[in-house]
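In the working numbering, the protein residues as written are 2 to 166.
Data first, discussion second: the structure below is written as structure tokens.
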Amino acid sequence: MKRIVLLLPLIALALAAGGCNERTDRREGSVLLSISEFDGLPTGVSVSGGPFSIEEITVRNIPKDPNGITSDLQSVEIRSYEVRFTRRDTGTRVPPPSVQAIFSLVEPNGQVVFEGLPFLTADQLLSQPLRDLRDFGMDQETGTQVIVLDVSIRFFGRTLAGDDV
2 MKRIVLLLPL IALALAAGGC NERTDRREGS VLLSISEFDG LPTGVSVSGG PFSIEEITVR
62 NIPKDPNGIT SDLQSVEIRS YEVRFTRRDT GTRVPPPSVQ AIFSLVEPNG QVVFEGLPFL
122 TADQLLSQPL RDLRDFGMDQ ETGTQVIVLD VSIRFFGRTL AGDDV
């Protein structure tokens, strides 16, 4: 069975980074983008299908100083997002990262919901190690018919004041 198992335990990278002190450092603007909810991430996909998307993902604009005064200049123009994969099994090869353009404006303490956000594109399905599953029915690096991947998603933007987020 030509399958990939994709696990996204609470979008580990995005949520783990939320506890880091350097994320609230005030040198890089006054707000953060945070993934607060997601729904509809496939836990298993086939290399004969695709591209694959997340049904719904919510991104919030969070002021770094929760007790401070906010302004419209802290609104964030979301410009792109990046999807990266890491292996959970013994393999080392992963699909290449994907950066996709996207646009939305999120005010401070506000949120935006994206629907149908692609996270595994046709180009990534044609890259190693997924190509091995399609061509040989197994990952030639590990000899297995299943590749277990974690997905991390990061959004990029700029405040109306001009600070990168």
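Every residue gets a Cβ at the ideal spot worked out from N, C-alpha and C, and that includes glycine.
Here the segment 69 to 82 makes no contact with the segment 123 to 140; the two share fewer than three CB pairs at distances below 8 Å. When beta bridges are read from the DSSP output, L121 appears opposite F53. DSSP, read as helix, strand or coil, puts R159 in strand. For R132, the secondary structure class from DSSP, reduced to helix, strand or coil, is helix.
DSSP assignment within the segment 49 to 112 yields the following whole beta strand (DSSP E) runs of 3 residues or more, N-terminal first: 53 to 64, 77 to 88 and 99 to 107. The alpha-carbon separation between F156 and D136 amounts to approximately 33 Å. Between the C-alpha atoms of I79 and G30 there is a straight-line separation of about 14 Å.
Note: V114 is bridge-paired with T59 in the DSSP secondary-structure output. Looking at the DSSP output, V166 shares a beta bridge with no other residue. By the Cβ rule, the segment 103 to 112 does not count as touching the segment 43 to 53, because fewer than three pairs are nearer than 8 Å. For D40, the beta-bridge partners assigned by DSSP are E57. Linking G92 to T143 through their CA atoms gives a straight-line distance of about 6 Å.
For S35, the pairing in a beta bridge is given by DSSP as R61.
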